[in-house]
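Q: I'd like to ask some things about the structure below.
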Amino acid sequence: MIKQFKPTWMIPAIYNVTPAQLRARGIKAVFADLDNTLIAWDNPDGTPELKKWMHALQDAGIPLVVVSNNSEPRIAKALATLELPFVSRALKPLPLGIAKARHNLNLRRDEVVMVGDQYITDMWAAHLAGVNSILVKPLVTTDAWNTRINRFFERFIKLRLAHVYPDMHFQEELK
213 MIKQFKPTWM IPAIYNVTPA QLRARGIKAV FADLDNTLIA WDNPDGTPEL
263 KKWMHALQDA GIPLVVVSNN SEPRIAKALA TLELPFVSRA LKPLPLGIAK
313 ARHNLNLRRD EVVMVGDQYI TDMWAAHLAG VNSILVKPLV TTDAWNTRIN
363 RFFERFIKLR LAHVYPDMHF QEELK
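Once you know that position 143 of the sequence shown is 355 in this note's numbering, the rest is easy, because the numbers rise by one and skip nothing.
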C-alpha cells in the first residue's frame, strides 16, 4: 500500500528540473499541481524563477499543464498572467484529471510526469494514472485549511516511506 505514495523522483523545487533532464527520460509534457507547487497558494503572481522555467519548457516544446483540484474560476484567476492550460476539479487522488490532460495531448503514460507537493493527492494520483511523478517541497510553509488535513496524514506516510525506502531523499536534479 505505501508504494502508491512513493514518488519516482524527489526534487526540492520544480525549477531544478530542466528540459534536457525531461527529454533524457522520454518526458514530452509536464503536469503540475498549482498551489505550493507552481505558485504559493496565497500569492498567485508566480516568481521570476517560475517564469524562467516555463519559458525554458516552452522553448524546448514541452507543454506545461496544471492539473488541480481547485475550481475553474480559482485556477483561471491564479493563472491569468501565466497563460497556462489547465484541468480543474481533477479529483486527485483519482487519476481522472491526469488522464484527461494526457488524452488532450495524445501522449502515452510514459511520456508525461506529474509534479506536486503532496503525497496523498499528487503522488497517489500519478501512481493510479500509471505516470512518473516528481515530489517537490512546498513553496511556502503555510497551507490552505483543506490541505492542512492532508499534511497531518502525510506525516505518517513519510515515516512509513522512510522505513520501507531508506534511500529515498531529495536530490538536486533528476537521476
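A virtual CB, placed ideally from N, CA and C, is assigned to each residue, including glycine.
1) Identify the residues that DSSP records as bridge partners of W221: which are they?
2) DSSP beta-bridge partners for L276?
3) Report, in whole angstroms, the separation of the C-beta atoms of V348 and A225, which I expect to be a contact under 8 Å.
4) Go ahead and label L291 buried or exposed: buried means 16 or more other beta carbons lie within 10 angstroms of its beta carbon, across all protein chains shown.
5) Looking at the secondary structure, which residues open and close the beta strand (DSSP E) in which M326 lies?
6) Apart from the five residues on each side of it in sequence, which residues of its chain come closer than 6 Å, Cβ to Cβ, to T220?
7) Find out if the Cβ-Cβ distance for the pair P394, N248 is shorter than 7 Å.
8) Can you tell which of M266, L250 and R321 has its C-alpha closest to the C-alpha of V279?
9) Considering only residues of the same chain and omitting the five flanking positions on each side of I192, which have a CB-CB separation below 8 Å?
10) Which whole-angstrom value describes the C-beta separation of A244 and V327, a residue pair presumed to lie in contact below a C-beta threshold of 8 Å?
11) Output the distance between the C-alpha atoms of R237 and Y331, rounded to the nearest integer angstrom.
12) Closest to D329 by CA distance: which of K387, R372, N362 and A311 is it?
13) Considering only C-alpha positions, which residue in the set V229, L246 and F368 is nearest to F298?
14) Is the Cβ-Cβ distance between P305 and A341 less than 7 Å?
15) Determine the burial state of D271: buried for a count of at least 16 other Cβ atoms within 10 Å of its Cβ, exposed for fewer.
16) Beta-carbon within less than 8 Å of E366's beta-carbon, same chain only, minus the 5 sequence neighbours each way: which residues are those?
17) Report yes if the C-beta distance between H339 and Q216 is below 7 Å; otherwise report no.
18) In the DSSP output, what is A302 paired with across the bridge?
A: Well, looking at it:
1) I346
2) V242
3) 6 Å
4) buried
5) V324 to G328
6) N344 and S345
7) A query on residue 394 cannot be resolved here, the shown segment of the chain reaching from 213 to 387 and no further.
8) L250
9) One cannot answer for residue 192 here, as it falls past the ends of the chain, which runs 213 to 387.
10) 4 Å
11) 22 Å
12) N362
13) L246
14) no
15) exposed
16) Q330, Y331 and I332
17) yes
18) Answer is none; A302 lacks a bridge partner.
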